[in-house]
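Engineer: Take this structure first; my questions come after.
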Amino acid sequence: MAPKDIIDTLAGIEPGSTLDAIRARRLQARENAQKSYLSLFEPIDAGDFSLAERAAVAAFVTGLHGESPVAAFYREKLAANADGAALIEPIQVEIARGKTSGPYGAFPAGPLSVENKAGLIYRVSAERKPQLGARLVAAFEHAHLLVFRPRDAASADMKALLAAGWSTTGIVTFSQLVAFLSFQVRVVSGLRTLAAASA
Amino acid sequence: MSTVNPPVVFTQDELGWVSWIDPLPEAELTERHFAGLVDRARAKSEYFRLLVRDPEVLEARTKTDKDIFYNVADGLPRAERELAAAATSRYNGCIYCASVHARFASTYSKRREDVQRLLDEGVGADLGERWNAVVKASVALAETPIAFGPDNIAELRRAGLDDAEIVDVINGASFFNWANRLMLSLGEPSK
Numbered sequence: 002m003a004p005k006d007i008i009d010t011l012a013g014i015e016p017g018s019t020l021d022a023i024r025a026r027r028l029q030a031r032e033n034a035q036k037s038y039l040s041l042f043e044p045i046d047a048g049d050f051s052l053a054e055r056a057a058v059a060a061f062v063t064g065l066h067g068e069s070p071v072a073a074f075y076r077e078k079l080a081a082n083a084d085g086a087a088l089i090e091p092i093q094v095e096i097a098r099g100k101t102s103g104p105y106g107a108f109p110a111g112p113l114s115v116e117n118k119a120g121l122i123y124r125v126s127a128e129r130k131p132q133l134g135a136r137l138v139a140a141f142e143h144a145h146l147l148v149f150r151p152r153d154a155a156s157a158d159m160k161a162l163l164a165a166g167w168s169t170t171g172i173v174t175f176s177q178l179v180a181f182l183s184f185q186v187r188v189v190s191g192l193r194t195l196a197a198a199s200a
Numbered sequence: 014m015s016t017v018n019p020p021v022v023f024t025q026d027e028l029g030w031v032s033w034i035d036p037l038p039e040a041e042l043t044e045r046h047f048a049g050l051v052d053r054a055r056a057k058s059e060y061f062r063l064l065v066r067d068p069e070v071l072e073a074r075t076k077t078d079k080d081i082f083y084n085v086a087d088g089l090p091r092a093e094r095e096l097a098a099a100a101t102s103r104y105n106g107c108i109y110c111a112s113v114h115a116r117f118a119s120t121y122s123k124r125r126e127d128v129q130r131l132l133d134e135g136v137g138a139d140l141g142e143r144w145n146a147v148v149k150a151s152v153a154l155a156e157t158p159i160a161f162g163p164d165n166i167a168e169l170r171r172a173g174l175d176d177a178e179i180v181d182v183i184n185g186a187s188f189f190n191w192a193n194r195l196m197l198s199l200g201e202p203s204k
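Protein chains in written order, with my numbering: chain A, 2 to 200; chain B, 14 to 204.
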């Protein structure tokens, strides 16, 4: 029997339970969801995207999905980082400012334009910018786009990250981190819902 | 970039994809990168040569993806996993991802017309009880805040899915919330 992984921990799945047995039937997916988590949060090389930045983005992104064991987990990870603890409060304020409902955004101009849906274009507040710094300000604004309106993404958004000091490799890892969390928070929520419906 | 011809509708046609930031040149790939690519042939793809800038994350992501979709030893039929991927992509607005997984859904289900209605009409298209339940569950999972709840589970069960199959829906739909965000934000599709 495999030891509990991060999804088990966050979803409250116990060894020997029905869901544990079901997850064991997708062992490669189970092991690699865990490896994805580890390679994002305990990377070989954090030179392009520091551990404190990773924890800060994770706390912001999971917080935008609403309070949950996942959001609490990443907030604690940030609190445990020497450079991260001071960011908890400004991030909580920014989460409250950024909360909305998605997905929304625009399609390429044409027949799909009738499905365009307007919504919040989030920008970090002026007061919090000095606390977060230019890199995290750009990261939070892009992360909010990825969470709520990914179809609005444009090449200009990449330029904004580059201009804020992100390297191309850093942008790749940062995008993977936000996208991975979008997956993880849903798997955890889905499995919790299924467990509750089977109780 | 002048050669990009972006599609303006959802389609089952094969599309290209063009990166907005620099992929690694093929000549610079090392064994560490090839391990990240998993399939060496992926070195030909701009998308994978971009993601391979972080090889460890790409390798883990690729192996997660492959098991969720290709491991059909038991659980949900491949067609319905692809349907979950296509519905998620339709709802999030990823024309590229939707094209690939709509094609797979058509291939494995032999229901090309129904898949096309999902693309043309959107996630509200009536595709029969079982497919409707899969699409609705995928849409609920794609929403932020997540709207997936006990009603989705009940509906999937009424449509004949057991818990292992429901986990395949959850995994497939959730994975496309990962995939869509990369494809939509790092580059764009081209006809």
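In this text, a Cβ means the ideal position worked out from N, Cα and C, and glycines have one as well.
If the criterion is Cβ atoms closer than 7 Å, does the pair L82 of chain B and F184 of chain A meet it?
Structural biologist: Residue identity differs from the one stated: residue 82 of chain B is Phe in this sequence, not Leu. No, these two residues do not count as a Cβ contact at 7 Å.
Engineer: Write down the C-beta distance between G106 of chain A and H145 of chain A rounded to the nearest angstrom, noting that I regard them as a contact closer than 8 Å.
Structural biologist: Not really, about 12 Å apart at Cβ, beyond 8 Å.
Engineer: Taking 7 Å as the CB-CB cut-off, is G49 of chain B touching chain A?
Structural biologist: Taking Cβ atoms only, chain A never reaches closer than 7 Å to G49 of chain B, which makes this a no.
Engineer: For M14 of chain B, which residues from the same chain have a beta carbon less than 8 Å from its beta carbon, with the 5 sequence-adjacent residues on both sides left out?
Structural biologist: Note that M14 of chain B scores 47 on pLDDT, short of 50, meaning its location in the model is unreliable; the coordinates nonetheless yield the value given after this. Cβ neighbours of M14 of chain B beyond the five flanking positions: V31.
Engineer: Got a sec: which bits of the stretch 56–87 of chain A sit with their beta carbon under 8 Å from any beta carbon on chain B, in order along the chain?
Structural biologist: The residues in question are L65, H66 and G67.
Engineer: Distance check for V152 of chain B and A111 of chain B, CA to CA, integer angstroms please.
Structural biologist: Approximately 14 Å, taken between the alpha carbons.
Engineer: For R87 of chain B, tell me which candidate among A:T10, A:V189, A:V188 and A:R26 has the shortest Cα-Cα distance.
Structural biologist: It is Asp, not Arg, that sits at residue 87 of chain B in the sequence shown. Ranking A:T10, A:V189, A:V188 and A:R26 by Cα distance to D87 of chain B puts A:R26 first.
Engineer: Can you have a look at A87 of chain A and say buried or exposed, based on whether 16 or more other CB atoms are within 10 angstroms of its CB?
Structural biologist: Label assigned to A87 of chain A: exposed.
Engineer: Looking at the C-beta of Q129 of chain B, does it have a partner C-beta in chain A at a distance below 7 Å?
Structural biologist: Chain A, which has no Cβ nearer than 7 Å to the Cβ of Q129 of chain B, makes this no.
Engineer: Just checking: is the beta-carbon of V173 of chain A within a distance shorter than 7 Å of some beta-carbon in chain B?
Structural biologist: Yes, its Cβ sits closer than 7 Å to a Cβ of chain B.
Engineer: Is the beta carbon of E165 of chain A sitting closer than 7 Å to the one on A197 of chain A?
Structural biologist: Looking at the sequence itself, residue 165 of chain A is Ala, so the reference to Glu does not match. For A165 of chain A and A197 of chain A, no; Cβs fall outside 7 Å.
Engineer: Counting contacts by CB-CB distance shorter than 7 Å, is L154 of chain B in contact with chain A?
Structural biologist: L154 of chain B counts as touching chain A.
Engineer: Between G85 of chain A and the rest of its own chain, which residues show a CB-CB distance below 7 Å, the 5 nearest in sequence each way excluded?
Structural biologist: Here the set comprises A53, A56, A57 and L79.
Engineer: DSSP three-state label for E90 of chain A, please.
Structural biologist: Of the three classes helix, strand and coil, the one that applies to E90 of chain A here is helix, per DSSP.
Engineer: Between which two residues does the alpha helix (DSSP H) holding V31 of chain B run?
Structural biologist: Note, V31 of chain B: premise wrong, no alpha helix (DSSP H); beta strand (DSSP E) at G29 to S32.
Engineer: Does the CB of W33 of chain B have a neighbour CB from chain A at under 7 Å?
Structural biologist: Closer than 7 Å: yes.
Engineer: With contact counted as at least three CB pairs below 8 Å, one residue from each stretch, are the stretch 57–73 of chain B and the stretch 161–175 of chain A in contact?
Structural biologist: They touch, by the three-pair rule.
Engineer: On the criterion of 16 or more Cβ atoms from any shown chain inside 10 Å, does L28 of chain A qualify as buried, or is it exposed?
Structural biologist: Exposed, because fewer than 16 other Cβ atoms sit within 10 Å of the Cβ of L28 of chain A.
Engineer: Do you know whose CA, among B:G106, B:A56, B:R170 and B:N184, lies nearest P36 of chain B's CA?
Structural biologist: Nearest option by C-alpha distance: B:A56.
Engineer: Please classify G135 of chain B: does DSSP put it in a helix, a strand, or coil?
Structural biologist: In the structure shown, G135 of chain B sits in coil (DSSP, three-state: anything other than H, G, I, E or B).
Engineer: Anything in the stretch 3–18 of chain A with a Cβ closer than 9 Å to a Cβ of chain B? List those residues in chain order, please.
Structural biologist: Going along the stretch 3–18 of chain A in chain order, one finds no residue with a Cβ nearer than 9 Å to chain B.
Engineer: What does DSSP give as the partner residues of S203 of chain B in its beta bridges?
Structural biologist: DSSP output for S203 of chain B lists B:G29 as bridge partner(s).
Engineer: Can you name the residues of chain A whose CB is closer than 7 Å to the CB of K76 of chain B?
Structural biologist: Ordered by position in chain A, the residues that pass the 7 Å Cβ test against K76 of chain B are Q29 and N33.
Engineer: Can you list, in chain order, the residues of its chain with a C-beta nearer than 8 Å to that of F42 of chain A? Leave out the 5 residues immediately preceding and following it.
Structural biologist: L52, R55, A56, A59 and K78, listed in sequence order.
Engineer: Between the stretch 171–181 of chain B and the stretch 103–122 of chain B, do three or more beta carbon pairs fall short of 8 Å?
Structural biologist: As far as the Cβ criterion goes, the stretch 171–181 of chain B does not touch the stretch 103–122 of chain B, which means the pair count is below three.
Engineer: Taking Cβ-Cβ distances below 9 Å as the criterion, which residues of the stretch 108–127 of chain A are in contact with chain B?
Structural biologist: Against chain B - using a Cβ distance shorter than 9 Å - the residues of the stretch 108–127 of chain A are F108, P109, A110, G111, P112, L113, S114 and E116.
Engineer: Verify the CB distance criterion: does I89 of chain A have a CB-CB separation below 7 Å to chain B?
Structural biologist: Closer than 7 Å: no.
Engineer: With 7 Å set as the bound, which would you pick, yes or no: does the beta-carbon of I23 of chain A sit closer than that to a beta-carbon of chain B?
Structural biologist: Closer than 7 Å: yes.
Engineer: List, in chain order, every chain B residue whose beta-carbon is nearer than 7 Å to that of A164 of chain A.
Structural biologist: Those within 7 Å of A164 of chain A in chain B number zero; the least Cβ separation is about 13 Å.
Engineer: Tell me, please, whether the CB atom of P19 of chain B is closer than 7 Å to any CB atom in chain A?
Structural biologist: By this cut-off, P19 of chain B is an interface position.
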